[in-house]
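Residue numbers (our numbering), protein chains in the order written: chain A, 1 to 277; chain B, 278 to 442.
Positions of the beta carbon are idealized from the N, C-alpha and C atoms, including for glycine.
Remember, it's a predicted structure, so these values are computed and weren't measured experimentally.
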Amino acid sequence: MSDPIDTALQRLRDQKPPGGFASADAVRRRGIRRTYRQIVAAGVAVLAIAGGVVTWAETHTDRRTPPVTTSPTPSPSGTPSATTSPTPSPSGTPSAAPPVALTPAMFLTAADLGAGDLVIGQAGEVGRDLWMWQDICKPYRRADYPSLAKRAQMDWRDFSRTGGYGAGFQMIERYEPGVGPRNFDDVRARLRDCAGQQTPDPAIGNLPLRWTLVANGFAGDDAVLAKKEVLLEGGRVRVSFAVAVRVGDLVSTVWLDDVTSEAIARDIAVKAAARLR
Amino acid sequence: MPDSDSFDAFYRGTRQRLFDCLVGITGNRAEAQDVVHEAYARAWQRWQTVGDYADPEAWVRTVARRLAVSQWRRARSALRAHRRTGPTPPVRGPDVELMTLVAALGKLPMKQREAIVLHHLMGLPVTQIAREIGAPEGTVKARLARGRQALAALLAVDLPEESHV
């Protein structure tokens, strides 16, 4: 005799969703949109953790009034380029940072990345305090990395495969004059703080991962190459790389989620540095 | 590089089972539909890793179940607020027995409902349920036993004398 609860629950089988199932392609696109939103959320979380007083309204104000430049390539030396409308700070006092815009030419192209099926995405809204290294392990306290308070500008792009998967990100930051080298001190400090830690990463299903600083100073005025190891079930390890390069006070950071070759990562770093000059 | 073909095949091959599971947990097809799509979107974000799992369906089911429980909690709070403004008129559906079953499941505590759906609808053994929900096997058995008794009473069916689990 069959179990009456089994029998009763069979009635729930094979119902149809009211709107039908979305296509697989639509589901993948939804996944990509989630990635964007997570980046936004990460920026907001940093504000909360740091106890910052920056409000959404302030962030929004910043994004609404980007500095406008007449110079296509900002000087990496920190010398202000000619600008047509210096952006006042939210408080109304003059900003301490030279209001020089980052340019699209500073970002890597699909050709730079050496993969025919990569698509460079457009920048979206992100928390202005988002830092690429903030979530590589926990805890993260913004105050422990003092250069971050001296960041003048940030922009980012994502790389995605034509299949729709987010394959990586590039962030370019401009720091106040003379702060660029200190930012690299902070990058190294963050990697050092996280070294050896096997930290669960909610972005990849809470699998443990490990970051290691692999190489220094191989591109631009300074560079770091970091290895990310995701520790999979069964003792397997998935390796990918991230690079950061500095030219003056400009810092370009590239995460390459599907680049498993250190040589390719170095080559991309060199190209990223060249685009900052 | 993640393989969209393998993801698409996985999605097409497992989505109906996941949808059935979520209808059992949420009692709401529209809500179940949204949770299914959200869970698979999250799977695609991590497909390089999740696709390598021995049982990616278990991963996506766990994500979906947590989403559903979270949504259910929010809905319950909203319902309580709504009830303060007056009762909702009853809605008649085309399948009274199905509605009765969904209503009965909805009266079970969420943890018992989860156990009942995973075991009796999804056909998972107690050991796997315990692993997926992160509870001892004894706890799962207890939830199943209590849930079965409650559900049998609500559906007016007789359970066999022997314990099912």
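Neighbouring residues, chain B, relative to ASP14 of chain A (Cβ below 8 Å): Residue numbering aside, residue 14 of chain A sits at position 14 when the first sequence is read from its first letter. Those are GLN293, ASP297, listed as they occur along chain B.
Counting Cβ pairs closer than 8 Å, one from the region 246–255 of chain A and one from the region 279–288 of chain B, do we hit at least three? No, the region 246–255 of chain A does not touch the region 279–288 of chain B.
For chain A, is any of its Cβ atoms less than 8 Å away from the one on ASP285 of chain B? On the second sequence, residue 285 of chain B is found 8 positions in, with the first residue counted as 1. So yes, ASP285 of chain B belongs to the interface.
State whether the region 401–415 of chain B contacts the region 306–319 of chain B, with contact taken as three or more CB pairs (one from each stretch) at a distance under 8 Å. With contact defined as three or more Cβ pairs closer than 8 Å, the region 401–415 of chain B and the region 306–319 of chain B are not in contact.
Run the CB neighbour count on GLN198 of chain A, radius 10 Å, all protein chains shown included, and call it buried at 16 or more, exposed below. If you number the first sequence from 1, residue 198 of chain A lands on position 198. Looking at its Cβ environment, which holds fewer than 16 other Cβ atoms inside 10 Å, GLN198 of chain A is exposed.
Out of B:ALA316, B:LEU421, B:GLY328, B:VAL327, which has the shortest C-alpha to C-alpha gap to GLY400 of chain B? Translated into positions along the second sequence, residue 400 of chain B becomes position 123. Ranked by Cα distance from GLY400 of chain B, the options B:ALA316, B:LEU421, B:GLY328, B:VAL327 are led by B:LEU421.
What do you reckon, are the CB atoms on ARG34 of chain A and ARG342 of chain B nearer than 8 Å? To locate residue 34 of chain A, count along the first sequence from 1; it is residue 34. To locate residue 342 of chain B, count along the second sequence from 1; it is residue 65. Between ARG34 of chain A and ARG342 of chain B, the gap from beta carbon to beta carbon reaches 8 Å or more.
Quick one: is ALA430 of chain B buried, meaning 16 or more other Cβ sit within 10 Å of its Cβ, or exposed? Within the second sequence, numbered from 1, the residue matching residue 430 of chain B stands at position 153. By the neighbour-count rule (16 or more Cβ atoms within 10 Å), ALA430 of chain B is not buried but exposed.
Let me see if you follow: with CB-CB separation under 8 Å, is VAL346 of chain B close to chain A or not? Residue numbering aside, residue 346 of chain B sits at position 69 when the second sequence is read from its first letter. Judged by the 8 Å Cβ criterion, VAL346 of chain B is not in contact with chain A.
In whole angstroms, give me the CA-to-CA distance for PRO18 of chain A and VAL300 of chain B. The residue labelled residue 18 of chain A in the question sits at position 18 within the first sequence. The residue labelled residue 300 of chain B in the question sits at position 23 within the second sequence. As the crow flies, the alpha-carbon of PRO18 of chain A is around 12 Å from that of VAL300 of chain B.
For TRP336 of chain B, which of helix, strand or coil comes out of DSSP? Position 59 of the second sequence, counted from the first residue, corresponds to residue 336 of chain B. TRP336 of chain B falls in the helix class under three-state DSSP.
Helix, strand or coil for GLY370 of chain B, going by three-state DSSP, please let me know. By one-based count along the second sequence, residue 370 of chain B stands at place 93. Confidence at GLY370 of chain B is low in this model, with a pLDDT of 43, below 50, so its placement is unreliable and the value that follows should be read with caution. Looking at GLY370 of chain B - three-state DSSP - the assignment turns out to be coil, as it is neither helix nor strand.
For a contact meaning CB atoms closer than 9 Å, what does LEU375 of chain B contact in chain A? By one-based count along the second sequence, residue 375 of chain B stands at place 98. Simply ARG11, LEU12, GLN15.
Give me whichever residues DSSP pairs with GLU229 of chain A in a beta bridge. Here residue 229 of chain A refers to the residue found at position 229 when the first sequence is read from its first residue. Bridge partners of GLU229 of chain A: A:ARG210, A:VAL239.
From THR279 of chain A to LYS271 of chain A, what does the alpha carbon distance come to, in whole angstroms? Given that chain A is displayed from residue 1 to residue 277, the structure contains no residue 279 of chain A and the question cannot be resolved.
Confirm, please, whether the CB-CB distance from VAL230 of chain A to THR326 of chain B is below 8 Å. Here residue 326 of chain B corresponds to residue number 49 of the second sequence, with the count starting at 1. Here residue 230 of chain A corresponds to residue number 230 of the first sequence, with the count starting at 1. Contact flag set, yes.
What are the boundary residues of the beta strand (DSSP E) that includes VAL417 of chain B? Looking up residue 417 of chain B in the second sequence gives position 140. VAL417 of chain B -> not in any beta strand (DSSP E); alpha helix (DSSP H) instead, spanning 414–432.
At what residue ranges does the region 136–199 of chain A contain a whole run of the beta strand (DSSP E), taking only runs of 3 or more? You should have 151–161, 166–175.
Quick one, are the C-beta atoms of ALA8 of chain A and LEU344 of chain B less than 8 Å apart? Walking along the first sequence from the start, residue 8 of chain A turns up at place 8. Walking along the second sequence from the start, residue 344 of chain B turns up at place 67. Against a cut-off of 8 Å, the Cβ pair of LEU344 of chain B and ALA8 of chain A comes out as no contact.
Chain A partners of GLN310 of chain B, CB-CB under 7 Å? Here residue 310 of chain B is taken as the residue at index 33 of the second sequence, counted from 1. Chain A residues near GLN310 of chain B: PRO17, PRO18, GLY19.
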